[in-house]
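Here the sequence shown is numbered in my numbering, starting from 20 and rising by one per residue.
A quick write-up on the structure given underneath.
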Amino acid sequence: MRKRILVANWKMNYDFHETTSFIRNLLKVFFDRKINHDKEIILSPSFPFLHISNQILQGSSLNIAAQNIHQKNKGPYTGEISASMLKSIGIQKVILGHSERRELFFENNQILLEKIKIALKYDFNIIFCVGESLVERKNNKQFEIIKKQLEKTVFYCSSDDIKFFYIAYEPIWAIGTGKTATFEQVQVMHEFIRSLFLEKYGKNISDNIPILYGGSINDINAKNFFSQKDVDGGLIGNASLQFEKFLKIIQS
Ligand code: 13P
Numbered sequence: 020m021r022k023r024i025l026v027a028n029w030k031m032n033y034d035f036h037e038t039t040s041f042i043r044n045l046l047k048v049f050f051d052r053k054i055n056h057d058k059e060i061i062l063s064p065s066f067p068f069l070h071i072s073n074q075i076l077q078g079s080s081l082n083i084a085a086q087n088i089h090q091k092n093k094g095p096y097t098g099e100i101s102a103s104m105l106k107s108i109g110i111q112k113v114i115l116g117h118s119e120r121r122e123l124f125f126e127n128n129q130i131l132l133e134k135i136k137i138a139l140k141y142d143f144n145i146i147f148c149v150g151e152s153l154v155e156r157k158n159n160k161q162f163e164i165i166k167k168q169l170e171k172t173v174f175y176c177s178s179d180d181i182k183f184f185y186i187a188y189e190p191i192w193a194i195g196t197g198k199t200a201t202f203e204q205v206q207v208m209h210e211f212i213r214s215l216f217l218e219k220y221g222k223n224i225s226d227n228i229p230i231l232y233g234g235s236i237n238d239i240n241a242k243n244f245f246s247q248k249d250v251d252g253g254l255i256g257n258a259s260l261q262f263e264k265f266l267k268i269i270q271s
């Protein structure tokens with residue numbers, strides 16, 4: 020049985036005080052309200068706050084993920100952050116391939132493959148995002164697009180490496196728009212993604228690879244997404260910035 024996984028992607032939103040007080044409050048509320056969190060909960064603050072966030076969470080069951088890494092490990096790359104730097108402060112997870120990185124920072128499949136390789140070299144778990152645009156969906160190209168995104172990146176990895184991955188299906192048209200994919204659209208795509216893993220890596224990996232949905236998840240719709248057979252949890256943007264909403268999502 021696959022575990023439910025919730026990833027809060029805070030993007031470029033919270034500052035130091037907002038980040039640390041959110042995390043401290045979350046731990047306090049878990050404790051005070053005796054919230055049973057048998058889920059895997061991963062918070063993804065901005066780079067400057069990863070270290071302190073990780074320290075606050077020491078000894079808890081919650082984890083931290085970085086929102087990106089650079090594809091090289093060292094050198095003249097002003098402003099960039101490497102996998103080994105993050106590893107040196109105890110970070111073990113990273114989000115790669117988010118559509119905002121692909122679109123706004125021109126990260127193509129080749130760059131993403133390099134990022135995957137360096138992340139694996141440093142034993143990171145990778146939350147790897149795939150998703151189609153609205154035009155691609157309107158032209159019924161979504162399956163082709165997702166397949167290609169996986170074939171050009173994740174599918175270069177060995178079966179041993181695949182165990183380090185979570186896949187997140189995030190249709191671009193549903194991110195931050197309030198427009199969600201229907202539960203059925205999401206289930207169909209997740210089933211398709213699982214079938215690609217079956218074809219490429221066999222039943223054991225396909226049965227166990229966590230596939231998360233992301234795109235306008237909130238406290239009202241979360242339960243329905245999470246009850247779909249092939250949806251193992253969510254990658255949550257806006258709603259994860261609102262404390263009580265995120266708490267409700269955790270309890271969905
Ligand atoms: P929203 O939940 O704000 O749509 O964002 C989804 C997302 O991009 C998470 O990575």
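Beta carbons: idealized from backbone N, C-alpha and C, even for Gly.
N-terminal and C-terminal residue of the alpha helix (DSSP H) that residue i is part of
i, result
"Lys279", "This structure cannot settle anything about residue 279, because the visible part of the chain is limited to 20 through 271."
"Phe183", "Run containing Phe183: none; DSSP gives neither H nor E here."
"Val26", "Here Val26 belongs to no alpha helix (DSSP H); instead the beta strand (DSSP E) covers Ile24 to Asn28."
Closest Cα partner of residue i within the set the options
i, options, result
"Thr196", "Gly221, Ala258, Arg213 and Glu210", "Ala258"
"Lys93", "Ile137, Arg21 and Lys222", "Ile137"
"Met31", "Ile269, Leu260 and Lys267", "Leu260"
"Phe216", "Asn237, Gln270 and Cys176", "Cys176"
"Leu123", "Leu139, Ile191 and Asp142", "Ile191"
"Ser80", "Gln86, Lys167, Pro229 and Asp57", "Asp57"
"Lys112", "Lys22, Tyr141, Val149 and Glu126", "Tyr141"
"Gln86", "Ser178, Phe202, Ile181 and Gly256", "Gly256"
"Gln247", "Glu203, Ile194 and Phe211", "Glu203"
"Ile61", "Ile108, Glu170, Ile71 and Ile114", "Ile114"
"Lys264", "Lys166, Ser235 and Ser103", "Ser235"
"Gly150", "Gly78, Gln168 and Ile88", "Gln168"
"Lys134", "His89, Glu119, Ser107 and Arg156", "His89"
"Ile146", "Lys182, Ser118, Ala187 and Lys106", "Ala187"
Backbone CA spacing between residue i and residue j [nearest angstrom]
i, j, result
"Leu153", "Val205", "14 angstroms"
"Pro64", "Asn158", "35 angstroms"
"Thr38", "Phe68", "7 angstroms"
"Asn144", "Val26", "13 angstroms"
"Lys160", "Leu139", "30 angstroms"
"Tyr232", "Phe244", "8 angstroms"
"Asn240", "Tyr185", "22 angstroms"
"Asn127", "Arg121", "6 angstroms"
"Ile54", "Tyr96", "43 angstroms"
"Phe17", "Ile110", "With the chain represented from 20 up to 271, any question about residue 17 goes unanswered, as that position is not in the structure."
"Asp251", "Arg213", "12 angstroms"
"Pro229", "Phe49", "24 angstroms"
"Arg156", "Leu131", "23 angstroms"
"His36", "Arg43", "10 angstroms"
First and last residue of the uninterrupted beta strand (DSSP E) at residue i
i, result
"Lys160", "Run containing Lys160: none; DSSP gives neither H nor E here."
"Ile130", "Not the beta strand (DSSP E): Ile130 falls in the alpha helix (DSSP H), residues Asn128 to Lys140."
"Tyr232", "Ile230 to Gly233"
"Ser107", "Counting along the chain, Ser107 falls outside any beta strand (DSSP E), though it belongs to the alpha helix (DSSP H) covering Ala102 to Ser107."
"Phe147", "Asn144 to Val149"
"Val113", "Lys112 to Leu115"
Residue i - partner residues in DSSP beta bridges
i, result
"Asn82", "Ile61"
Check: residue i C-beta below 6 angstroms from any heavy atom of the ligand ADP
i, result
"Gly195", "The ligand ADP is not part of this structure, which contains only the ligand 13P."
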